[in-house]
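The working numbering puts the sequence shown at residues 2 to 407. Glycine included, every Cβ here is placed at the ideal spot set by N, Cα and C. Working notes, beginning with the structure itself.
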Amino acid sequence: MTSSRKPFMLTAVFLTGALALTSCSSDSTADGGAASPAASDSAMVPEIDVAAFTADFSEMAKLTDIAAQGSGLIQVLLPDTTTSTRYVQYDAPYLTQAFEAAGLSADQFKIDNAQGDVQTMQTQADAAIASGASVLLVDPLDSGSGAAIEQKAVDAGLAVIDYDRLVLGGPQDRYYVSFDNVSVGEKIGQGMVECVDAWGLADPNLLVMAGDPKDNNAKLFKEGYMSVLDPKFTDGSYVNAGEPAGTWVPADAATTFEQQWTADGKINAVVTPNDDNANAVIAVLKKNKIGAETFPTTGQDASLPGLQNILTGFQCGTVYKPIYLEAQTAAALALYLRAGLEPPSTLVNATTADSELGVDIPSAYAVPIWVTSENMGETVVADGAVEVAELCAGDVQDACTEAGIS
Ligand code: BGC
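Structure (structure tokens):
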């Protein structure tokens, strides 16, 4: 992803309305992606700032008027429930909360999960189009199928948003909501380096794993962590023990790891690209009686098993992507488009290059945080992302006490 901050992304059409803004703007029509008729001239358009969302969802209440102006279903398509717990643990509930906080009723939005099946996702999209949906958010299983789903939706007059994963080669007229995924990868790399020091690892022999190559994010994450690790490999302080083919399937990650480790017993650290892959790899380590704080692993998503592995010393940290921010950003953007309004530049604050299409996609990024035992209490726990009773259950209780989490 080449991305750039884009504070002044206003089209000529929107500029006319935007110049009159203080906290609200007079109405203007979107120049693209609008699925429903433009709102009435008397309407006020709230200027939501991407940095203003909070864990209590209060910012969404500013959007109740435009939620009332718009019409048609907002449909969200999530990819699976097995490559990360995030889709069930965070995305679906937070998206629901965001739409409801803006005043949408249960029949005005729908969140489906394709359970890893491309055809299921297409069928879910077709059903939404047939029911008169006006906005489609797609977290694709791969860019090819995502682009086909989105093109069909655009042809039927829907506005489309790539959710979390960029749909390379998707329709020209769309938006993207995510995190800066190269920076997510950099945090994984930096977290690994800090952990190697903290756990006193002599002669790091690092296996570099990756997510599914069909996911554009996996490529960006790797770009991020390699930018931190390559200098270590080059100066000889770390050994690059291999870069096996990527996957998001935890069982496949475990098999790959086990094969590599069996072939090269010197491997003593592994970049695992998300918490669920890490959890599968950690099961292999535990089976082989590897102790706590000896074999660094990494991750992202702040999944419950990931957080517990961090507390018990089997994972260095996780990139916490506060999905309540991503969900509110996506929901807000969808509500502007549904009302036929141009989203403000305070919300759409970046661009992302679609290398296949050769255009920059207007984007909104939320900000990720590297979480270890030290800051887990003040971040994930304080945000209410996990229940302390669940996090600190059983064996994890002592580690929670030590980390000051109660
Ligand atoms: C998401 C990650 C997730 C992975 C596997 C990526 O596109 O950004 O949060 O862990 O897919 O589902």
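Element boundaries [alpha helix (DSSP H), containing residue i]
{"i": "ARG339", "result": "324-339"}
{"i": "ALA128", "result": "119-131"}
{"i": "PRO232", "result": "217-235"}
{"i": "VAL285", "result": "276-288"}
{"i": "ASN182", "result": "182-199"}
{"i": "THR402", "result": "398-403"}
{"i": "ALA390", "result": "389-392"}
{"i": "GLY307", "result": "305-312"}
Enclosing beta strand (DSSP E) for residue i [first to last residue]
{"i": "ASP165", "result": "It is not in any beta strand (DSSP E) - ASP165 carries neither H nor E in the DSSP assignment."}
{"i": "THR353", "result": "351-355"}
{"i": "ILE362", "result": "360-367"}
{"i": "ASN206", "result": "206-209"}
{"i": "ILE370", "result": "370-372"}
{"i": "ALA154", "result": "Element bounds for ALA154: not the beta strand (DSSP E) but the alpha helix (DSSP H), 144-156."}
{"i": "VAL272", "result": "270-272"}
{"i": "VAL320", "result": "319-321"}
Member of the options whose CA lies at the smallest distance from the CA of residue i
{"i": "ALA211", "options": "ILE324, TRP249 and VAL194", "result": "TRP249"}
{"i": "LEU326", "options": "ALA154, LEU392 and ALA365", "result": "ALA365"}
{"i": "PHE296", "options": "GLN260, LEU159 and TRP200", "result": "TRP200"}
{"i": "ASP355", "options": "ALA99, GLY170 and GLY104", "result": "GLY170"}
{"i": "VAL360", "options": "VAL168, ALA331 and VAL272", "result": "VAL168"}
{"i": "LEU74", "options": "GLN109, TYR88, ASP50 and THR55", "result": "GLN109"}
{"i": "GLU244", "options": "GLY237, ASP265 and ALA367", "result": "ASP265"}
{"i": "ASN280", "options": "LEU334, LEU305, ILE268 and ILE162", "result": "LEU305"}
{"i": "PHE58", "options": "GLN329, ARG166, LEU348 and VAL139", "result": "GLN329"}
{"i": "PRO172", "options": "LYS63, ARG87 and ALA148", "result": "ALA148"}
{"i": "ASP277", "options": "GLU259, ASP253 and ILE291", "result": "ASP253"}
{"i": "LEU64", "options": "GLY104, THR86, THR83 and LEU79", "result": "GLY104"}
{"i": "SER184", "options": "ALA386, MET377, ILE370 and GLN120", "result": "ILE370"}
{"i": "GLN76", "options": "VAL368, LEU336, VAL382 and GLY405", "result": "LEU336"}
{"i": "PHE234", "options": "VAL89, PRO205 and LEU221", "result": "PRO205"}
{"i": "VAL285", "options": "LEU78, ASN275 and THR263", "result": "THR263"}
{"i": "ILE406", "options": "GLU379, LYS188, ASN182 and ILE130", "result": "GLU379"}
{"i": "TYR95", "options": "ALA129, PHE54 and VAL368", "result": "PHE54"}
{"i": "ALA331", "options": "ALA62, GLU48 and ASP165", "result": "ASP165"}
{"i": "VAL194", "options": "TYR239, VAL155 and ILE162", "result": "TYR239"}
{"i": "ALA422", "options": "GLU101, ASP127 and GLY71", "result": "Nothing about residue 422 can be reported from this structure: the residues present for the chain run from 2 to 407 only."}
{"i": "ARG339", "options": "ASP66, VAL51, ASP50 and ILE362", "result": "ASP66"}
{"i": "GLN191", "options": "THR121, PHE222, LYS215 and ASP163", "result": "PHE222"}
{"i": "MET377", "options": "ILE362, THR319 and THR353", "result": "THR319"}
{"i": "THR299", "options": "ASP143, CYS196 and PHE100", "result": "CYS196"}
{"i": "ASN218", "options": "GLN301, LEU159 and ALA160", "result": "GLN301"}
{"i": "GLN90", "options": "ALA394, ILE130 and GLU388", "result": "GLU388"}
{"i": "GLN260", "options": "VAL282, ASN275 and PRO274", "result": "VAL282"}
{"i": "LEU312", "options": "VAL209, MET122, ALA404 and ASN275", "result": "ALA404"}
Residues that DSSP places opposite residue i in a beta bridge
{"i": "TRP249", "result": "Partner(s): none; TRP249 has no beta bridge."}
{"i": "LEU137", "result": "GLN76 and VAL161"}
{"i": "THR263", "result": "Note: THR263 sits in no beta bridge, so no partner."}
{"i": "TYR239", "result": "Beta-bridge pairing links TYR239 to no other residue."}
{"i": "ILE112", "result": "VAL77"}
{"i": "GLN301", "result": "VAL320"}
{"i": "SER179", "result": "TYR366"}
Exercise. Would you list, in sequence order, the uninterrupted alpha helix (DSSP H) runs of no fewer than 4 residues that lie entirely inside the segment 49-109?
Key: 65-70 and 93-102
Quiz item: Any residues whose CB sits closer than 6 Å to a heavy atom of ligand 1? List them in chain order?
Solution: THR84, SER85, ARG87, ASP165, ARG166, GLY212, ASP216, ASN218, TRP249, ASN275, GLN301 and ASP302
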